[in-house]
Amino acid sequence: DAGITQSPRHKVTETGTPVTLRCHQTENHRYMYWYRQDPGHGLRLIHYSYGVKDTDKGEVSDGYSVSRSKTEDFLLTLESATSSQTSVYFCAISPGQVLGGYTFGSGTRLTVV
Amino acid sequence: EDQVTQSPEALRLQEGESSSLNCSYTVSGLRGLFWYRQDPGKGPEFLFTLYSAGEEKEKERLKATLTKKESFLHITAPKPEDSATYLCAVHSGGSYIPTFGRGTSLIVHP
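Protein sequence lines, in the order shown, are assigned to chains A and B.
Each residue of the first sequence is one higher than the one before, starting from 75 at the first, in this note's numbering.
Each residue of the second sequence is one higher than the one before, starting from 110 at the first, in this note's numbering.
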């Protein structure tokens with residue numbers, strides 16, 4: 075997707091191991107978001123950032139932490155992965171909170187075994 | 110608490126058979142309603158933002174409309190390439206974060 079890149083695209087990890095997903099943007103947008111998408115639940119917000127080092131929790135933040143040391147990078151860390159965190163993770167960016175819509179990345183499919 | 114309900118969950122159409130997808134919402138002061146398209150294995154792609162009742166937006170075969178309780182995404186003479194999941198999201202005055210619906214999966218048969 076133009077201006078936003080997620081890595082890795084796919085990952086399989088074992089229960090109890092730490093995992094970090096990366097979101098990189100080239101749009102210089104202020105807001106960045108991490109969502110997870112699961113069948114029957116739709117998109118659910120994990121954490122978001124409204125500036126460098128400024129982050130806040132979403133509706134499903136337990137077991138996740140985030141960091142944003144640069145405008146362009148937003149990292150999502152699963153401190154100790156569990157099978158319930160098997161999901162597709164999407165990063166999104168926006169210039170403002172309500173203006174227009176979000177631009178989403180292509181997603182990371184994470185499987186915890 | 111903001112609520113968004115999309116219907117139907119799945120819709121199968123023949124090419125050229127027009128139809129509508131529904132997004133019903135309950136929010137405390139609507140600031141914006143968004144429609145996205147999501148293809149399998151990809152992230153959602155932004156289509157439209159609607160801000161007030163009576164507003165309409167169009168893009169190719171898609172037309173989005175908004176009332177005080179719901180939004181419709183009308184698809185006129187769909188083609189197989191319109192097959193995707195369509196997501197609706199609402200942004201209310203009570204939250205800085207939009208609430209997403211679960212989506213409608215549309216399949217258009219040639």
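Backbone N, C-alpha and C define an ideal beta-carbon position, used for all residues, glycine too.
No experiment lies behind these values; they were computed from the predicted model shown.
Would B/Y160 be called buried (16 or more neighbouring beta carbons within 10 Å of its own) or exposed? In summary, B/Y160 is exposed, with fewer than 16 beta-carbon neighbours lying within 10 Å of its beta-carbon over all protein chains present.
Using a beta-carbon distance cut-off of less than 9 Å, what residues from the segment 169 to 186 of chain A approach chain B? Answer in chain order: Q171, V172, L173, G174, G175, Y176, T177, F178, G179, S180, G181 and R183.
Per-residue DSSP class, three states only, for A/D130: Residue state, collapsed to three classes: strand.
Please list, in chain order, the residues of the segment 141 to 156 of chain B that have any C-beta partner in chain A closer than 9 Å. Answer in chain order: G141, F143, W144, Y145, Q147, G150, K151, G152, P153, E154, F155 and L156.
Starting from A/V162, trace the beta strand (DSSP E) both ways and give me its first and last residue. DSSP places A/V162 inside the beta strand (DSSP E), whose first and last residues are S161 to S168.
Using a Cβ distance threshold of 8 Å, determine whether the segment 144 to 152 of chain A contacts the segment 86 to 103 of chain A, with at least three qualifying pairs required. Three or more Cβ pairs drawn from the segment 144 to 152 of chain A and the segment 86 to 103 of chain A lie within less than 8 Å of each other, which places the two stretches in contact.
Neighbour flag for A/G132 against chain B, beta carbons, 8 Å: Taking Cβ atoms only, chain B reaches closer than 8 Å to A/G132, which makes this a yes.
Just to make sure I have the definition right: I need the residues of chain B whose C-beta is within less than 7 Å of the C-beta of A/G116. Which are they? Result: F209, G210, R211 and G212.
A/A166 versus B/R211 - alpha carbon distance: Straight through space, the alpha carbons of B/R211 and A/A166 are spaced by roughly 17 Å.
Could one say the Cβ of B/I216 lies closer than 8 Å to chain A's Cβ atoms, at least one of them? No, because no Cβ of chain A sits closer than 8 Å to the Cβ of B/I216.
So, with DSSP's three-state summary, where would you put B/D191? The answer is helix: DSSP assigns B/D191 an H, G or I state.
Could you work out which residue in B/T208, B/S214 and B/V136 is closest to A/R118 when comparing CA atoms only? Taking the Cα of A/R118 as reference, the smallest distance to any Cα among B/T208, B/S214 and B/V136 is reached at B/T208.
Sheet register partners of B/A119 (DSSP bridge): In the DSSP output, where bridge partners are listed per residue, B/A119 has B/S214.
Taking the continuous beta strand (DSSP E) assigned at B/E167, which residues delimit it? Under the DSSP assignment, B/E167 falls in the beta strand (DSSP E) whose first and last residues are E165 to K168.
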